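Structure, as structure tokens:
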Amino acid sequence: MNVITSPQDLQRTAEDSRLAGKRIAVVPTMGYLHDGHLSLMRLAGTHADLVITTIFVNPAQFAPDEDFSTYPRDPKRTRRSQNRPELRFCS
């Protein structure tokens with residue numbers, strides 16, 4: 013598993029894979045992966061050569077009365093959830 017933390021690195025990884033003729037799947041999440049996410053990642057892996065999973069908690073997805081600061085975040089748990097070298101995580 014590779015952890016990518018910048019948009020530029022993610023774009024470069026995706027473009028390199030695309031130019032190499034690989035099929036790419038993206039599974040967007042807000043982190044704190046659960047069995048549903050992992051199932052989607054496994055399914056994506058059956059259809060693509062490279063699976064990119066985002067773990068970005070987007071503050072724009074929270075209404076004013078929702079507490080963005082208490083949304084569960086555990087990057088170590090997330091990374092342990094699916095430790096496969098062909099997956100890319102972007103935070």
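First residue of the sequence shown? That's 13 in my numbering, and the numbers climb one at a time after it.
C-beta: ideal position from N, C-alpha, C; glycine also.
Note that the structure is a prediction, hence the values are computed from the model and not measured.
State the CB to CB distance for the pair Val63 and Ala37, rounded to an integer number of angstroms; the pair is presumed to be in contact (CB under 8 Å). 5 Å
Under 7 Å Cβ to Cβ from Pro40, same chain only, skipping five residues before and after it: list those, please. Thr66
Taking its Cβ as the centre, do 16 or more other Cβ atoms sit within 10 Å of Leu31, making it buried, or is it exposed? exposed
Contact check, Arg85 vs Gly33 under 8 Å by CB: the rounded distance? The Cβ separation is near 36 Å, so there is no contact.
Buried or exposed by the 16-neighbour rule on C-beta atoms within 10 Å, applied to Leu59: Checking the displayed sequence, the identity of residue 59 turns out to be His instead of Leu. With fewer than 16 other Cβ atoms within 10 Å, it is exposed.
Measuring only the C-alpha atoms, how far is Leu22 from Ala72? 21 Å
For Ala60, the three-state DSSP class (helix, strand or coil): coil
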